[in-house]
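So that you can map any letter, position 688 of the sequence shown is 688 in this note's numbering, and since no number is skipped, the others follow by simple counting.
Take a look at the structure set out below.
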Amino acid sequence: MAVTRDTPLTDFPGVGEARAKKLEKLGLSKAGDLLAWYPRDYEDRRKVYSIQDAPAEGRVCVSAVAAEHPRLSRIRKGLELVQVKVVDHTAALHLTFFNQGYVERAIRAGEEYIFYGAVEVQGRRRTMVNPIFERAGKQSFTGCIMPVYRLTAGISNHLLASLARQALPCAEGMPETLPQHIRQAHRLAAAEFAVKNIHFPEDEGALDLARRRLAFEELFYLAVGLSFLKDRRDRAGTGVSIPPRPKEEFLSLLPFVPTGAQSRVMDEVASDMASGRPMNRLVQGDVGSGKTAVAACAGWLCARGGHQGALMAPTEVLAEQHYRSLSQLLAPAGVRVGLLTGSMKAAEKKKTRTALAEGEIDFVVGTHALISEGVAFRSLALIVADEQHRFGVAQRAALAAKSGEGTVPHVLVMSATPIPRTLALIIYGDLDVSVIDQLPPGRTPISTYVVREDKRQRMYGFVRKQVREGRQAYIICPAVEENPDAALPGEESPALNLKAVKTYAETLQKEVFPDLRVGILHGKMKPREKEAAMAAFAGGETQVLVATTVVEVGVDVPNASIIIIENADRFGLSQLHQLRGRVGRGKHQSHCVLITGTRSLEAMERLHTLASTTDGFKISEEDLKARGPGDFFGNRQHGLPQMKLADLAGDMRLFSEAQEAARSLLEQDPQLSAPENRPVWERVRRLFADTPDIFN
Ligand code: ADP
Ligand code: MG
């Protein structure tokens with residue numbers, strides 16, 4: 001079969017309709033797709049052992065001769081067993097194959113094979129179960145570095161590897177996608193070499209070269225795309241100049257005196273907005289550092305300057321809370337605050353939209369619906385993104401394109417998750433960073449305890465004691481995410497254990513706290529119910545709130561002094577830190593109880609790390625180390641195109657190289673119109689397929 005990049009996978013032997021469908025799930029339908037389906041890992045199968053020397057640890061290759069004809073037996077219905085003894089000059093090895101009847105015919109006495117599997121030693125007897133095997137001298141998946149691919153149900157790694165191997169010839173003479181001078185300047189391998197060796201590397205050196213070339217390429221397209229986006233934003237216009245006002249005016253609205261750090265950041269924001277250049281500022285501050293006051297100050301300035309502002313929150317619960325507290329805070333100054341969330345009634349939404357278009361709302365609080373539903377503003381001058389990394393360069397560019405009139409809104413991103421600065425630059429572009437590195441005074445540090453099931457009753461007793469003293473408690477149950485990609489941070493996927501949350505709340509109410517009022521809050525409740533549940537807790541009508549992670553970010557009830565986190569080992573460290581941040585917001589000594597049944601030492605260690613520090617920066621560093629940036633930022637929360645090989649936080653040096661290359665290329669050919677640069681243009685367009693009109 002002569003394979004070209006367009007050969008459909010159904011032309012490959014062994015791929016019928018059913019398999020083709022499954023492969024399509026992975027986005028694989030042509031030979032060319034296979035080549036772009038890079039392995040996620042490798043198995044070193046290069047060393048071939050004698051039976052005697054084969055280590056009984058991990059899977060290894062062993063070379064041996066079949067000493068007999070394989071014996072097939074049917075143990076019971078549906079269970080076939082093939083057994084065969086193989087030997088070399090050092091020892092014998094007993095192989096067993098389950099439900100692979102064909103092995104009886106595939107292995108012939110007297111022939112030599114390479115077997116790949118785990119050797120087990122029982123006394124003097126060596127065995128191997130279900131090894132992969134190939135005739136010696138005709139090997140393709142033994143004696144080599146074996147690629148390990150991402151799979152889907154019904155598609156084995158072996159199948160994918162064998163398809164990739166068959167598709168490999170079409171990498172021959174494949175067109176180069178990077179301009180020659182860039183490859184030379186950055187010492188990058190040729191496309192053909194890179195693709196061949198990313199799948200079937202000759203050795204570690206070749207794999208490194210291949211990986212470097214392909215990761216560079218991804219980062220290069222990313223850098224080119226970001227540069228186009230940034231350009232578009234710069235061209236989109238100037239920011240609205242918001243005149244400064246005496247700060248005392250705002251401070252007189254606040255129920256507290258701002259910390260030095262808050263005050264400094266408010267000044268920075270005010271001077272950004274007055275400058276006439278669009279503000280582009282990230283405010284980082286640990287949980288409870290008081291970021292909301294900064295947002296309120298920006299919204300107030302904007303409204304007093306005669307323009308509109310919008311605050312986007314990651315969850316409806318948080319949007320509603322911000323709506324309540326901002327209305328209360330800003331109403332005395334005549335600022336009209338509105339609310340817009342995805343699940344509001346159509347009529348209510350319409351009312352809010354009309355008010356926004358007419359300029360009857362000064363500061364609107366909402367979820368992502370705010371930008372996605374094509375809301376029109378009379379004069380939008382400020383966007384505050386609270387607790388979301390999603391609001392990156394791409395989102396802003398889209399928004400700037402929409403706002404028209406030659407002006408670009410000021411942007412303020414607020415985050416409690418410390419982002420390494422370099423990564424922040426990639427995600428947010430040329431942003432300024434403010435840090436609120438001070439907590440409001442009078443906070444007593446939260447005590448954190450890691451406890452086992454046997455302390456459960458004592459823990460409930462502790463909750464009761466706190467409530468008797470007038471405090472309130474959160475009890476958090478994890479939401480099981482079936483498909484983590486489907487959910488945004490703070491949102492929940494159709495939670496499997498939703499019923500568990502409900503039944504748990506009922507049990508607590510009936511059997512544990514019959515004398516207390518237990519509330520419940522989860523993502524699948526109607527907005528009105530959520531709002532009511534939150535209001536009841538905030539107002540002290542319920543004393544115990546059983547909730548899922550919907551309360552993870554931003555929720556603020558200062559009287560709550562204890563938070564219990566069930567199955568704590570299921571959460572990431574940063575997430576636990578966020579959850580813990582729900583308490584310790586008032587003047588009362590606060591407590592966080594992490595309850596776990598885990599047997600993993602590693603998980604226990606993580607929980608103890610959390611118990612030993614309240615420094616958010618330190619915690620997220622640990623988290624970053626343990627989980628890697630992919631997980632840390634979760635499913636594309638940063639809103640950037642997905643990288644296949646490059647690791648946004650790990651390949652920082654490579655990224656600056658790629659950025660340098662992008663800069664010099666765009667200097668020579670700003671529109672990428674030269675024929676030799678068309679492949680770059682094409683790849684960038686594909687990478688940013690989700691961002692409309694990247695080249696406009
Ligand atoms: P976060 O940075 O986590 O968003 P919030 O803005 O929700 O923090 O503030 C946490 C709590 O601290 C709120 O109850 C808020 O009213 C209170 N707070 C904020 N700043 C101060 C301050 N300077 N003095 C006293 N309390 C403050
Ligand atoms: Mg907040």
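Idealized CB from N, CA, C, for every residue including glycine.
As the structure is a computational prediction, the values presented were derived from the model and not from experiment.
Same chain, Cβ closer than 7 Å to residue i, neighbours up to 5 away in sequence not counted
i: residue 121; result: 56
i: residue 588; result: 471 and 561
i: residue 34; result: 28, 163, 164 and 167
i: residue 645; result: 38, 211, 214, 215 and 218
i: residue 614; result: 445 and 446
i: residue 558; result: 585 and 586
i: residue 681; result: 672
i: residue 291; result: 283, 285, 414 and 436
Cβ shell of residue i (< 6 Å), same chain only, five flanking positions each side left out
i: residue 412; result: 281, 298 and 384
i: residue 23; result: 9
i: residue 543; result: 467, 472, 516 and 517
Those residues which DSSP pairs with residue i across a bridge
i: residue 94; result: 85 and 127
i: residue 472; result: 560
i: residue 413; result: 282 and 385
i: residue 544; result: 473 and 518
i: residue 586; result: Partner(s): none; residue 586 has no beta bridge.
i: residue 3; result: Paired residues: none, contrary to the question.
i: residue 706; result: The question about residue 706 has no answer, for the chain in this structure spans 1 to 696.
i: residue 265; result: Paired residues: none, contrary to the question.
i: residue 79; result: 76
Simplified DSSP assignment, three categories, for residue i
i: residue 284; result: strand
i: residue 247; result: helix
i: residue 119; result: strand
i: residue 8; result: strand
i: residue 62; result: strand
i: residue 184; result: helix
i: residue 350; result: helix
i: residue 174; result: coil
i: residue 199; result: helix
i: residue 153; result: coil
i: residue 572; result: coil
i: residue 680; result: helix
i: residue 704; result: The requested residue 704 does not occur in the structure, where the chain is confined to residues 1 to 696.
i: residue 38; result: coil
i: residue 549; result: helix
i: residue 137; result: coil
i: residue 442; result: coil
i: residue 360; result: coil
i: residue 68; result: coil
i: residue 461; result: helix
i: residue 634; result: Note that residue 634 scores a pLDDT of 42, beneath 50, so its modelled location is shaky; the value from the coordinates is reported in the next line. Coil, per DSSP.
i: residue 113; result: strand
i: residue 224; result: helix
i: residue 44; result: strand
Residue i - containing alpha helix (DSSP H), residue span
i: residue 503; result: 498-507
i: residue 607; result: 601-612
i: residue 451; result: Unbroken run through residue 451 is the beta strand (DSSP E), 447-451; no alpha helix (DSSP H).
i: residue 322; result: 316-330
i: residue 299; result: 291-304
i: residue 666; result: 652-668
i: residue 688; result: It is not in any alpha helix (DSSP H) - residue 688 carries neither H nor E in the DSSP assignment.
i: residue 534; result: 527-538
i: residue 20; result: 17-25
i: residue 106; result: 103-106
Beta-carbon contacts of residue i that lie in its chain and below 8 Å, excluding the five residues immediately before and after
i: residue 87; result: 51, 64, 65, 67 and 93
i: residue 102; result: none
i: residue 288; result: 439, 440, 443, 581, 584 and 585
i: residue 48; result: 61, 62, 63, 114, 142 and 143
i: residue 100; result: 80, 82 and 130
Residue range of the unbroken beta strand (DSSP E) whose run includes residue i
i: residue 433; result: 432-436
i: residue 76; result: 71-76
i: residue 308; result: 308-312
i: residue 340; result: 337-340
i: residue 594; result: 591-595
i: residue 375; result: No beta strand (DSSP E) holds residue 375; DSSP gives it neither H nor E.
i: residue 364; result: 363-366
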